[in-house]
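**Q** Here you go, one structure.
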Ligand SMILES: NC(=O)c1ccc[n+]([C@@H]2O[C@H](COP(=O)([O-])OP(=O)(O)OC[C@H]3O[C@@H](n4cnc5c(N)ncnc54)[C@H](O)[C@@H]3O)[C@@H](O)[C@H]2O)c1
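In the UniProt record's numbering, the protein residues as written are 1 to 477.
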């Protein structure tokens with residue numbers, strides 16, 4: 001078993017002030033694969049102090065100096081891709097094929113895109129010809145607490161760490177205690193790249209411990225958080241006393257509106273997208289809204305895709321889906337499947353319990369409910385497992401109304417071959433992202449939500465600006 005009890009503080013690996021072991025569980029086997037420490041207040045304080053000390057000089061570095069270090073880190077990240085994929089797969093259950101591609105690749109993509117954003121960013125700009133002596137300066141916000149979840153570990157860590165570094169901030173990362181191994185490896189890479197001591201620090205811990213200490217810490221200027229809406233609210237309240245900037249990327253309940261004139265692959269694509277990463281994505285299209293005239297056919301297709309979706313161990317190669325991350329998530333998903341049945345939704349694939357032959361491990365049957373209405377819990381609450389709800393609609397107006405009838409507003413999806421209709425609906429959907437006909441977000445596109453899906457934007461230039469203060473200077477010569 002891996003022993004990873006140390007934290008990375010002020011450029012060194014240090015032991016926690018007190019022993020507080022926490023076992024990391026491999027979700028495919030339910031067995032412990034590593035032991036880490038949960039930090040105490042003194043560990044958090046030491047990391048924040050190191051970040052504060054480093055801020056004075058790091059905030060004054062040039063764009064070129066920061067870029068040179070980021071380029072080194074990018075090269076190391078690429079060299080150690082196999083180790084990273086292995087760590088992600090073991091800690092959170094992504095099958096190796098997914099861990100090596102999308103999971104590892106999301107981190108690589110963000111490093112590259114944020115470097116591009118840094119290269120093109122003007123940290124000093126005139127206000128405009130109407131006020132020639134007014135000058136705008138973009139400056140790093142300060143010491144940042146970065147708190148991340150377990151579902152796309154390197155995606156979220158890279159979005160925060162790289163953007164903060166590029167902006168000239170210093171930081172303390174607290175990765176999810178459920179999936180800390182990828183972040184510990186990333187810390188090794190940062191060390192190897194040669195960032196000055198204190199720029200990046202990592203303390204493991206849970207939400208009530210290190211997480212809350214960071215969000216309430218008087219010497220932390222900003223919290224960048226990705227995770228559940230529940231924790232986002234708690235963090236905002238705790239950060240309010242010190243008036244921190246709080247950037248939140250929270251949950252979602254994406255609608256995928258499938259019109260009768262959608263392309264023939266639209267339903268298959270939608271189901272696969274929903275089940276990708278075993279349904280554990282904040283932007284998963286978990287509510288499929290289908291126009292009545294193709295409804296029966298769409299339900300049959302979705303049931304067929306689910307039945308053909310294989311489930312297996314994360315460690316083996318292949319295009320199957322893996323387990324969900326933990327026993328807690330497994331029980332939560334089972335509870336939601338039971339609720340769907342009790343509320344009268346029609347189960348057309350999967351259902352309660354584990355897939356045949358997979359009694360050990362947190363495996364869930366790929367599940368599809370038809371005849372769902374938007375009042376049901378399975379249509380309102382984030383399930384975070386391979387569970388799709390299909391809802392019929394009769395008109396464009398009704399589709400938009402159902403799609404927007406949610407507390408969330410992260411990503412919505414439209415499937416139609418009528419471009420005018422797609423654009424018209426995209427304008428009406430209350431979400432930070434709308435994807436038409438399976439088109440992926442481009443490099444450096446802003447990622448973030450409306451409503452209770454959060455208030456931040458990550459990735460590219462928008463992601464960099466999250467970590468910057470804006471200063472105006474008058475009388476500038
Ligand atoms: N919008 C996005 O960009 C995005 C991306 C991925 C995941 N998510 C969301 O993340 C959730 C799943 O992740 P999770 O189960 O790890 O979420 P979570 O909120 O339980 O935990 C996320 C992180 O916050 C910490 N935490 C928990 N309570 C805290 C508190 N009170 N104070 C400070 N820190 C606290 C955890 O230790 C962990 O590091 C889902 O709701 C998903 O939609 C959102």
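Every residue, glycine too, gets a C-beta built ideally from N, C-alpha and C.
Small disclaimer: the values here were computed from a predicted structure and weren't measured.
Ligand 1 and residue 485: does any heavy atom of the ligand fall closer than 8 Å to the residue's C-beta?
**A** There is simply no residue 485 to check, as the chain begins at 1 and stops at 477 in what is shown.
**Q** Once DSSP output is grouped into helix, strand and coil, what is the label at residue 210?
**A** The residue given as residue 210 occupies position 210 in the chain shown. In this structure, residue 210 counts as helix in the three-state DSSP scheme.
**Q** By DSSP, does residue 68 sit in helix, in strand, or in coil?
**A** Residue numbering aside, residue 68 sits at position 68 when the chain shown is read from its first letter. It is helical.
**Q** For residue 474, which residues of its own chain have a beta-carbon under 7 Å away from its beta-carbon, when the five flanking residues on both sides are left out?
**A** Within the chain shown, residue 474 is the residue found at index 474, counting from 1. Only 133, 134 meet the Cβ criterion.
**Q** At what residues does the alpha helix (DSSP H) containing residue 415 begin and finish?
**A** For the purposes of this step, residue 415 is taken as residue 415 along the chain shown, with counting starting at 1. In the DSSP annotation of this structure, residue 415 is not part of any alpha helix (DSSP H); the continuous beta strand (DSSP E) holding it starts and ends at 411-415.
**Q** Contact check, residue 483 vs residue 182 under 8 Å by CB: the rounded distance?
**A** Because the chain is modelled from 1 through 477, residue 483 falls outside the range shown and cannot be assessed.
**Q** Quick one: is the Cβ of residue 410 within less than 8 Å of any heavy atom of ligand 1?
**A** Within the chain shown, numbered from 1, the residue matching residue 410 stands at position 410. Checking the Cβ of residue 410 against ligand 1 gives yes.
**Q** Among residues of its own chain, excluding the 5 on either side of residue 455, which ones have a beta-carbon nearer than 6 Å to its beta-carbon?
**A** Locating residue 455 in the chain shown gives position 455, counting from the first residue. So the list reads 248, once near-sequence residues are dropped.
**Q** Curious, which full-length alpha helix (DSSP H) runs of at least 4 residues does the region 20-91 contain?
**A** 41-58, 63-79
**Q** Measuring only from the beta carbon, is residue 377 closer than 8 Å to any heavy atom that is part of ligand 1?
**A** For the purposes of this step, residue 377 is taken as the residue at position 377 of the chain shown. Checking every heavy atom of ligand 1 against the Cβ of residue 377, none is found closer than 8 Å.
**Q** Please look up how many angstroms separate the CB atoms of residue 263 and residue 244, rounded, as I've assumed it's under 8 Å.
**A** Working through the chain shown from its first residue, we reach residue 263 at position 263. Working through the chain shown from its first residue, we reach residue 244 at position 244. So it is not a contact: roughly 46 Å between Cβ atoms.
**Q** Kindly provide the ranges of any beta strand (DSSP E) runs that are 3 or more residues long and lie completely inside the region 352-377, ordered along the chain.
**A** 367-370
**Q** With H, G and I counted as helix, E and B as strand and the rest as coil, what does DSSP make of residue 275?
**A** The count along the chain shown starts at 1 and reaches residue 275 at position 275. Looking at residue 275 - three-state DSSP - the assignment turns out to be helix.
**Q** Can you check which of these residues, 432, 51, 109, is closest to residue 73 by C-alpha distance?
**A** If you number the chain shown from 1, residue 73 lands on position 73. Out of 432, 51, 109, the CA that lies nearest to the CA of residue 73 is found in 109.
**Q** For the alpha helix (DSSP H) that residue 153 lies in, which residues bound it at each end?
**A** On the chain shown, residue 153 is found 153 positions in, with the first residue counted as 1. Counting along the chain, the alpha helix (DSSP H) containing residue 153 begins and ends at 153-167.
**Q** Go through its chain and collect everything with a Cβ distance to residue 464's Cβ below 7 Å, but skip five positions before and after it.
**A** As a first step, residue 464 is located in the chain shown; it is residue number 464 there, counting from the start. These residues qualify, in order along the chain: 114, 117, 118, 121, 163, 166, 167.
**Q** Going straight from the alpha carbon of residue 214 to that of residue 149, what length do you get?
**A** Position 214 of the chain shown, counting from 1, holds the residue named residue 214. Position 149 of the chain shown, counting from 1, holds the residue named residue 149. Answer to the nearest angstrom: the Cα atoms are 15 Å apart.
**Q** Buried or exposed for residue 184, going by 16 or more other Cβ atoms inside 10 Å?
**A** One-based indexing of the chain shown puts residue 184 at position 184. Under this definition residue 184 is a buried residue.
**Q** Taking 8 Å as the cut-off, does the CB of residue 152 come closer than this to any heavy atom belonging to ligand 1?
**A** For the purposes of this step, residue 152 is taken as residue 152 along the chain shown, with counting starting at 1. Under cutoff, so the answer is yes.
**Q** Can you check whether the CB of residue 299 is closer than 9 Å to the CB of residue 436?
**A** Here residue 436 refers to the residue found at position 436 when the chain shown is read from its first residue. Here residue 299 refers to the residue found at position 299 when the chain shown is read from its first residue. No. Outside cutoff.
**Q** May I have the straight-line CA-CA distance separating residue 399 from residue 233, to the nearest angstrom?
**A** As a working mapping, residue 399 is identified with position 399 in the chain shown. As a working mapping, residue 233 is identified with position 233 in the chain shown. So the alpha carbons of these two residues sit roughly 29 Å apart.
**Q** Any idea which residues DSSP pairs residue 392 with across the strands?
**A** One-based indexing of the chain shown puts residue 392 at position 392. 290, per the DSSP bridge assignment.
**Q** What span of residues does the alpha helix (DSSP H) with residue 108 cover, start to end?
**A** Within the chain shown, residue 108 is the residue found at index 108, counting from 1. Here the alpha helix (DSSP H) through residue 108 covers 104-120.
**Q** Mapping DSSP to helix, strand and coil, what is residue 299?
**A** The count along the chain shown starts at 1 and reaches residue 299 at position 299. Helix at residue 299.
**Q** Below 8 Å, how does it come out for the region 331-347 and the region 29-38: are there three or more Cβ pairs, yes or no?
**A** no
**Q** Check whether the Cβ of residue 275 lies closer than 8 Å to any heavy atom of ligand 1, and answer yes or no.
**A** Walking along the chain shown from the start, residue 275 turns up at place 275. Answer for residue 275: no, Cβ out of range of ligand 1.
**Q** Take the Cβ of residue 452 as the centre, count every other Cβ of all protein chains shown within 10 Å, and call the residue buried at 16 or more, exposed below.
**A** Working through the chain shown from its first residue, we reach residue 452 at position 452. So residue 452 counts as buried.
**Q** Taking C-alpha atoms, which residue in 311, 159, 40, 127 lies nearest to residue 444?
**A** Position 444 of the chain shown holds residue 444. Checked all of 311, 159, 40, 127; the closest Cα to residue 444 is 159.
**Q** Please report how far the alpha carbon of residue 199 lies from the alpha carbon of residue 327, in whole angstroms.
**A** Residue 199 sits at position 199 when you count from the first residue of the chain shown. Residue 327 sits at position 327 when you count from the first residue of the chain shown. Cα-Cα distance, rounded: 36 Å.
**Q** Buried or exposed: which applies to residue 43, given that a residue is buried once 16 or more other Cβ atoms fall within 10 Å of its Cβ?
**A** Taking the chain shown and counting its residues from 1, one reaches residue 43 at position 43. So residue 43 ends up on the buried side.
**Q** Hey, is the region 81-95 in contact with the region 192-209, meaning 3+ C-beta pairs nearer than 8 Å?
**A** no
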